Amino acid sequence: MMGLEYLLAKAMKKVYFRFNDSIANVSVGIAERLLDLFTVGAFYGVYDYLHHHYALLSIKPSAWTWVALFFATDFVWYWYHRFAHEVNLFWAAHVVHHQSEEFNYTVSARITVFQALIRTGFWAILPIIGFPAGMITTLLLFHGLYPFFIHTRTIGKLGFLEYILVTPSHHRVHHASNPQYLDKNYGDVLIIWDKLFGTFAPEVEEPVYGLTKPLRSYSFLWQQFHTLLELLEATRRTSGIRAKVRLLFGPPDRIDGQIRDQLATRFFVAAHPLTLVQSITRLRGYVVGQIINLLILLFGLTLFEHQIPLLWQVMMALFILLTLINCGAILEQRQWVIHLELARLIVLWAFLYVTTGDPILIILAYIGAISWWAYQSLIQRVYFNFLFGLAKQPAQ
């Protein structure tokens, strides 16, 4: 679908995709799908436990109860989504979904496992009402598919459906940073909740996408944790327990906007020009190759999850996460990317050794370590020249 949308946008002579932005979006999605492998079972367990011990009603599957569960799920989603925008503690997890300054199907991948954790807390009311865990997880699976299709600019307004469903037009408003569009259109499938609770806004002028203060970074780690770090720093600077609590559960605009810049400087992720990345086909090919390899690895891990030993799964997950961090560092031309490449090689070597036990790998590791120690500067020059097309080292 992402490929079809890209081709359609080109046919419409519209620029709806940017390379760095799309890679960053897909990277966040890969991490979420990866961590889901280790958490989804736990979420089901929570629903099942609550249903067996605290259910107020004994609800059995039927046409009417499925319909009731759909409306209940969508209603709870509205309030989860609204609180995710209006409460700092929840916004710190949800902000990742809104960082992209483009709006296309790749943006739908911007979900984190932290968001899933918070959503589970909201949806925990469903098993307490009396809906079985099996019904809840089945509906959530289909309920979660719909939002993918509304992250696009290639579909205009949809006539009478605009009055009932959350359409691409409605969701474009939700992702916009225009002042009149802020904190609007929280619905997931049905738009009726926004109209009922006064948070609806129609799409009138062209939306400007992204945060009100753009992130200007493709760093995988910075995208995931910058708002949490800002919130922790703001809380540290706030005097008094009550004031700290009000900040944690207050709206995002209570956080001093200068804190992000200060933290970015502290953690060496301050904004810097990225024009070089835009002109190097070789770099793009390398990053795309890494992402394709990760998708294949993730697909295999998902398909054979129950046949792969846990230690192997953990090592594969570590390799995937290191590669995602690596791709972000490459897009930002960070000098320490070479150390990430080394870390990936070490994990790959360890995986091969654990799975095969071949003693030749010990010898190869020794030769590799000696080579790195003796020729580190040369290796870095060759690597940077290959990747960035320059002999000098990139930005710190």
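Okay, so the sequence shown: first residue is 1 according to UniProt numbering, each after it adds one.
Ideal Cβ positions, reconstructed from N, Cα and C, are used throughout, including at glycine.
Predicted model, so just to flag it, every value in this text is computed and none were measured.
Where valine 204 is concerned, there is no enclosing alpha helix (DSSP H), because DSSP gives it neither an H nor an E. In this structure, the alpha-carbon of leucine 248 lies about 38 Å from that of leucine 297.
With fewer than 16 neighbouring CB atoms inside 10 Å of its own CB, glycine 3 falls in the exposed class.
Counting along the chain, no alpha helix (DSSP H) covers asparagine 185, and no H or E run does either. Shown here, alanine 369 sits in a helix according to DSSP, grouped into three states. As a beta-bridge residue in DSSP terms, alanine 176 pairs with Tyr209.
Looking at the DSSP output, leucine 165 bridges to Leu190.
The three-state secondary structure of arginine 334, taken from DSSP, is strand.
Straight-line measurement puts the Cα of leucine 348 at about 18 Å from the Cα of serine 371. Selection Ile155, Phe351 and Pro252 evaluated against lysine 14 yields Ile155 as nearest (Cα-Cα). By the neighbour-count criterion, in which 16 or more other beta carbons inside 10 Å mark a residue as buried, arginine 266 falls on the exposed side. For the 7 Å CB-CB criterion, threonine 199 and tyrosine 186 form a contact. Shown here, alanine 55 sits in coil according to DSSP, grouped into three states, outside any helix or strand.
With distances taken between CA atoms, phenylalanine 197 lies nearest to Tyr78 out of Ile330, Phe71 and Tyr78. Here the alpha carbon of arginine 119 sits roughly 27 Å from the alpha carbon of arginine 153. If you compare the alpha carbons of Leu322, Thr73, Leu8 and Leu231 with that of glutamine 262, the shortest gap goes to Leu231. The residue among Pro127, Trp66, Pro214 and Tyr49 with its C-alpha nearest the C-alpha of glutamate 102 is Pro214.
The alpha-carbon of glutamate 205 is positioned some 19 Å away from that of aspartate 194. A Cβ-Cβ distance of about 4 Å is found for the pair alanine 92 and threonine 227, placing them in contact under the 8 Å criterion. Annotated as proximal: alanine 133 and aspartate 48, with beta-carbon spacing under 7 Å.
Valine 382 has its alpha-carbon roughly 21 Å from the corresponding atom of leucine 364. For glycine 289, the enclosing alpha helix (DSSP H) begins and ends at 281 to 303. With a threshold of 16 other beta carbon atoms within 10 Å, proline 207 meets it and is buried. DSSP places isoleucine 320 within a helical segment (H, G or I) once states are collapsed to three. Out of Phe351, Ile346 and Val354, the CA that lies nearest to the CA of tyrosine 366 is found in Ile346. Secondary structure in the segment 115 to 162: the alpha helix (DSSP H) runs of 4 residues or longer, each lying completely within the stretch, are 125 to 129 and 133 to 143 in chain order.
At least 7 Å separates the beta-carbon of valine 87 from that of tryptophan 123. By the Cβ criterion, the segment 326 to 344 is not in contact with the segment 31 to 46, since fewer than three pairs of Cβ atoms, one from each stretch, lie closer than 8 Å. In this structure glutamate 305 is exposed. Its beta-carbon is surrounded by fewer than 16 other beta-carbon atoms within 10 angstroms.
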